[in-house]
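Data block below; observations after.
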């Protein structure tokens, strides 16, 4: 019997696997069934970040101290999936002149859930779109460092939040039409 939890969990973990180096899904499966996942000391996949962001910087290192995922299983159609990142540090340097016009590699990892035969279901794709569009992301203690030979420029951001809002700029769950 197909279960929505296994489908949604697979999608969430495939996105985590895309951006995190050496991510082990089997470590997370059990805690996500309860609605909460917690992961510590994760290294970001720097190549994927560079390809996705296409910035004139290259990443030297990227580390997440703690990643929390909360999935409201009984209210998926009315409450957002919440992702909280506690302390993320990225160290960057300027790319050599002329190299920032990179092309995307064809070997780039894609979320495995999209290859799933169940992804063709219009009900499931509608639910997944609603979840993704209403995703709530909070990043506490974002540390960005730019290094150039013997100079380091550091910027610390206490809290950075992304989420859906209504016409009055208040947090809201948005119904897709």
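Numbering (full-length UniProt numbering), first residue to last: 1 to 177.
Just so you know, even glycine gets a beta-carbon here, dropped at the ideal spot from N, CA and C.
Just how far apart, CA to CA, sit residue i and residue j?
i	j	result
residue 133	residue 8	14 Å
residue 95	residue 22	25 Å
residue 147	residue 89	13 Å
residue 135	residue 50	23 Å
residue 115	residue 5	For residue 115, the predicted structure reports a pLDDT of 49, less than 50, and the residue's modelled location is therefore unreliable. A value from the coordinates is still provided. The straight-line gap from Cα to Cα measures roughly 17 Å.
residue 18	residue 10	12 Å
residue 98	residue 34	49 Å
residue 62	residue 71	25 Å
residue 151	residue 165	40 Å
Would you kindly check if the distance between the Cβ of residue j and the Cβ of residue i is under 8 Å?
i	j	result
residue 131	residue 81	yes
residue 44	residue 20	yes
residue 176	residue 129	yes
residue 57	residue 46	no
residue 219	residue 37	The requested residue 219 does not occur in the structure, where the chain is confined to residues 1 to 177.
On a Cα-Cα basis, can you pick out the residue from the options that is closest to residue i?
i	options	result
residue 87	97, 73, 67, 23	67
residue 161	47, 57, 85	85
residue 91	168, 154, 123	154
Which partner residues does residue i have in the DSSP bridge list?
i	result
residue 89	63, 143
For residue i, which residues from the same chain have a beta carbon less than 6 Å from its beta carbon, with the 5 sequence-adjacent residues on both sides left out?
i	result
residue 39	67
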